[in-house]
């Protein structure tokens, strides 16, 4: 990127183009660079990196609404709509995207991963919404609740490229708490490995239950220091620098197994 040129930002999400979170990010990021919004026309939460072969597109007051997934939006934005961005930002998601097991499920994070495969740096941004005794869908989230997430995203978008952050990371997974009395700090984290899913057979249906959310609601988590969930539950902004392409490693046991295949 030529430092004399304005930063080109492609903004997307998985909550849909009408969500409060994407509007909050859009308004802030227009102070940083030129923002092109290409986002799903409706809610596409938890679709992972699902991709379509053809999608409908409509103009929207923020940019373009795509009848498709977050990954569709990134591919369409980069290859068909333009201008070609220096940075892709995905969010701000209503609900946290924390823990290693969530990364492949999240549409928000998947949009950042899609950008990374194109070689475009990306930031995925999510808001941790404490639920307490309420169900998640019962929690009302206002524009003001995104203030910490917006502040962190604007800061990173403005500085991460020029400071060389993406020389070693393909994308950043950012999770922010709702505002408190004091501004939240920012800490570098790694995704937690702790996993706690179960399933219950109820006659003709099976209920899948993510127990991690119960722990987060009570702040009774056993994630080690330095992990994303611990940082956010304790009121900090979590920034996980991640890489997207899958890598292979040498394994002696697999070498032996493959070598013996033709002799079985």
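Residue numbers (the numbering used here): 24 to 287. Positions of the beta carbon are idealized from the N, C-alpha and C atoms, including for glycine.
Beta-bridge partners of residue 250 (DSSP): 213. In this structure, the alpha-carbon of residue 53 lies about 21 Å from that of residue 64.
The closest CA to that of residue 112, considering only 47, 69, 125, is found on 47. In this structure, residue 228 lies away from residue 250, with their beta-carbon atoms at least 8 Å apart. Secondary structure at residue 133: helix, using DSSP grouped into helix, strand and coil. Around residue 66, the same chain offers 38, 39 as residues with beta carbons nearer than 7 Å, after the five sequence neighbours per side are excluded. Counted as a single uninterrupted DSSP element, the beta strand (DSSP E) harbouring residue 86 occupies residues 86-89. Judged by pairs of C-beta atoms under 8 Å, the region 66-80 does not touch the region 179-199, as fewer than three such pairs exist. Counting only unbroken stretches of 3 or more residues, the beta strand (DSSP E) elements lying wholly within the region 160-205 are 194-199, in sequence order. Beta-bridge partners of residue 60 (DSSP): 34, 86.
For residue 260 and residue 170, the gap between their C-alpha atoms comes out near 12 Å.
Between the region 137-144 and the region 94-106, the count of C-beta pairs closer than 8 Å reaches three or more; the two stretches touch. Pairing residue 151 with residue 200 gives a Cβ-Cβ distance under 8 Å.
Here residue 141 has 101 as same chain residues with Cβ atoms under 6 Å from its own Cβ, once five neighbours each way along the sequence are excluded.
Setting aside the 5 residues that flank it on each side, residue 168 is surrounded in the same chain by 150, 152, 201, 202, each with a C-beta closer than 8 Å to its C-beta; the list follows chain order. The three-state reading of DSSP puts residue 207 in coil, since its state is none of H, G, I, E or B. With respect to the 8 Å criterion, residue 118 and residue 217 are not classified as neighbours on the basis of their beta carbons. Counting only residues of its own chain and dropping the five nearest sequence neighbours on each side, residue 207 has a CB closer than 7 Å to the CB of 171, 199, 200, 258, 259, 260.
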